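In our numbering, the protein residues as written are 3 to 277.
C-beta: ideal position from N, C-alpha, C; glycine also.
It should be emphasised that the depicted structure is a prediction, and the values quoted were computed from it without experimental measurement.
So the structure is just underneath, and the comments pick up after that.
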Amino acid sequence: MLISGLLIALLGISSPVSTGPDYSECYENTFCIEAEDTGNRVDIYVRSLVDWEVTIFLEVEMANMRPDTAMPLVQSMPGKKRTHALSLKVRDIGYPWSFSYNLTWIPGDAGARHDADAVYELPFAKGRSFAVGQGFQGRETHQGTYAIDFLLPEGTPVHAARGGTVVDTADRFTEGKLDPVLKAAGNFVTIRHDDGTFGYYVHFRHQGVAVRAGDRVETGQLIGYSGNTGYSSGPHLHFEVFSTTKEMSSRTLPVRFRTGRHGVTYLEEGQRYRR
Ligand SMILES: [Zn+2]
């Protein structure tokens, strides 16, 4: 999960006529904050560089300025657009003004609603069957989490449970064991679904990811090879669907799968399912 913060400052004594952003700061090739000084106010925009939403949490310190919206600002910004975030009006024109901001952000739309009709494919090749280790709210490491562990041996092809746009991946990690130190060291793929939720697949083998950020993937498409990297007690694929929250966090969601013998169903721990 990407979260960044930065403090910047813009100072002025009014009146430059703006022909483009007077200030621009970009974050992880994902979006840029741009500020335009119009003389009696500064307009602040978020310009997205990607296809998916981000949610920002913005705090602003001001001198001789006032915001046109409640602070702190928490707002989800659409992908591939330049969106007005807020304006800071100069109180006493002709007198010096300044502001600085502190930004935190997270991928995703805090207003996204999971499509209630969505049915997921089992994340492996058609015709194959694997057992579920831990299921939703599993007692080992899934307490409070709607996640599924599929017991895939290392090197098993992993297929997208649902199509969308690849947001982020990692496949540089080599080590895996049940040690909290390795919680951020699992190779993964995150896919944004068309309803604004995300599918998260983790524990791919070293160099075992077959897609890149920005790729469009279809349901059932090969996305990589299972492994045992990160916080993991043995080879498996951990899969969860999550949405972003206004509290700058995420929550996992219970989802149903299409299965060979059991029809469309929530998956159960210990049960084996054929795709
Ligand atoms: Zn898991």
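Determine which residues share a DSSP beta bridge with residue i and list them.
i: His-161; result: Leu-224
i: Asp-45; result: Glu-38, Ser-89
i: Ser-245; result: Arg-253
i: Val-56; result: Met-79, Pro-109
i: Arg-258; result: Val-121
i: His-240; result: Asp-151, Val-204
I want to see whether chain C comes within less than 9 Å of residue i, judged by CB atoms only; does it?
i: Gly-166; result: In the displayed structure, chain C is absent; only one protein chain is listed.
In this structure, does DSSP put residue i in helix, strand or coil?
i: Val-183; result: helix
i: Lys-91; result: strand
i: Gly-7; result: Note that Gly-7 scores a pLDDT of 37, beneath 50, so its modelled location is shaky; the value from the coordinates is reported in the next line. Note: Gly-7 maps to coil in three-state DSSP.
i: Pro-69; result: strand
i: Pro-18; result: A caution first: Pro-18 carries a pLDDT of 43, below 50, which makes its placement in the model unreliable, though a value can still be read off. Reduced to three states, the DSSP call for Pro-18 is coil.
i: Leu-1; result: Because the chain spans 3 through 277 in this model, residue 1 falls outside it and cannot be assessed.
i: Asp-170; result: strand
i: Arg-274; result: strand
i: Pro-109; result: strand
i: Gly-229; result: strand
i: Val-121; result: strand
i: Asp-151; result: strand
i: Ser-235; result: coil
i: Asn-31; result: coil
i: Tyr-97; result: coil
i: Val-204; result: strand
i: Tyr-103; result: strand
i: Phe-138; result: coil
i: Tyr-25; result: strand
i: Thr-176; result: coil
i: Thr-199; result: coil
Buried or exposed: which applies to residue i, given that a residue is buried once 16 or more other Cβ atoms fall within 10 Å of its Cβ?
i: Gln-136; result: buried
i: His-195; result: buried
i: Glu-249; result: exposed
i: Ser-131; result: exposed
i: Gly-41; result: exposed
i: Glu-36; result: buried
i: Ser-26; result: exposed
i: Ser-251; result: exposed
Just to confirm my understanding: we take residue i, look at its own chain, exclude 5 residues before and 5 after, and list those with CB closer than 6 Å. What are they?
i: Gly-229; result: Glu-156, His-205, Phe-206, Arg-207, Gly-210
Can you list, in chain order, the residues of its chain whose CB lies under 7 Å from that of residue i, leaving out five sequence neighbours each side?
i: Gly-113; result: Ser-78
i: Pro-80; result: Ser-50, Glu-55
i: Val-92; result: Ser-16, Asn-42, Arg-43, Asn-66, Met-67, Trp-99
Near residue i, which residues of its chain fall below 8 Å by C-beta distance, leaving aside the five closest residues on each side in sequence?
i: Asp-181; result: Tyr-233
i: Thr-267; result: Arg-258, Phe-259, Thr-261
i: Pro-256; result: Phe-138, Tyr-148, Tyr-268
i: Ser-6; result: Below a pLDDT of 50, predicted positions are generally treated as unreliable, and Ser-6, at 35, falls in that range; the measurement from the model is reported next regardless. Only Tyr-29, Glu-30, Leu-105, Thr-106, Trp-107 meet the Cβ criterion.
- Query: So does the stretch 87-101 actually touch the stretch 117-125, counting three or more Cβ pairs closer than 8 Å?
  - Reply: With a cut-off of 8 Å, the stretch 117-125 and the stretch 87-101 do not count as touching, because too few Cβ pairs lie within range.
- May I ask you to verify whether the stretch 60-69 touches the stretch 234-241, counting CB pairs closer than 8 Å and requiring at least 3? These segments do not touch.
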